[in-house]
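Working notes, structure below.
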Amino acid sequence: MHELSLCYEALALIGQQAGRHGARRVTGVWLELGALSCIEESALRFAFGSACRGTLAEGSMLHLAVRAAPAWCWHCGAAVEISRHGAGCPRCGGHELQVSGGDSLRVRQLELE
Ligand SMILES: [Zn+2]
198 MHELSLCYEA
208 LALIGQQAGR
218 HGARRVTGVW
228 LELGALSCIE
238 ESALRFAFGS
248 ACRGTLAEGS
258 MLHLAVRAAP
268 AWCWHCGAAV
278 EISRHGAGCP
288 RCGGHELQVS
298 GGDSLRVRQL
308 ELE
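The sequence shown begins at 198 in the working numbering and counts up one residue at a time.
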């Protein structure tokens, strides 16, 4: 399952950060999900919960933010943001977009104890 492997990656990072700060427990996790990641929020929450089991982050509160993907429109020559696959340019409706990123899961902030 894709969600689960992403969660394990995020948790490895969270564990490192927690260790660096000498935290006993992670109480809150803020994740930023790229809008083009094809990951469903409910699936991610479920995967995160099970990936956390037995780690410092067990029982932590998960805050999830979806971030639009930055793109460049060749048609109107503007930097825009798109929030789903196949979406046109929000300015001109064109589909000649060069998308950069927007498909990743990032740890944005942690609350440690
Ligand atoms: Zn455009």
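Glycine is no exception: its CB is placed at the ideal position from the N, C-alpha and C atoms.
Residues of its chain near residue i, where Cβ-Cβ distance is below 8 angstroms and the 5 sequence neighbours each way are ignored
i	result
D300	G231, L233, S234, C235 and A266
E310	A220, R221, R222, V223 and T224
R281	A232 and L233
Rounded distance between the beta-carbons of residue j and residue i, thought under 8 angstroms
i	j	result
A209	V226	Incorrect: roughly 13 angstroms between the Cβ atoms, too far for contact.
E238	L261	6 angstroms
A207	L302	6 angstroms
Nearest candidate by alpha-carbon position, reference residue i, set the options
i	options	result
L308	C204, G212, L203 and L201	The residue asked about is misnamed: residue 308 is Glu in this sequence, not Leu. E308 has its Cα closest to that of G212, out of C204, G212, L203 and L201.
V277	A262, H260 and S297	S297
V263	S247, V223, A248 and L228	L228
S257	R281, R305, V223 and A215	V223
R305	G216, P287 and L259	L259
G274	G216, Q214 and R288	R288
Neighbourhood of residue i by C-beta distance below 7 angstroms, restricted to the same chain and skipping five residues each side
i	result
A244	M198, E200, L201 and C204
G285	G291 and H292
T252	L208 and G212
C283	Per the sequence presented here, residue 283 reads as Gly, with Cys not at that position. Taken in chain order, the list of residues that qualify is empty.
Q214	L307
Cβ neighbour criterion (16 or more within 10 Å) applied to residue i
i	result
A248	buried
(message) Using a Cβ distance threshold of 8 angstroms, determine whether the region 290–308 contacts the region 266–281, with at least three qualifying pairs required.
(response) With a cut-off of 8 angstroms, the region 266–281 and the region 290–308 count as touching, because enough Cβ pairs lie within range.
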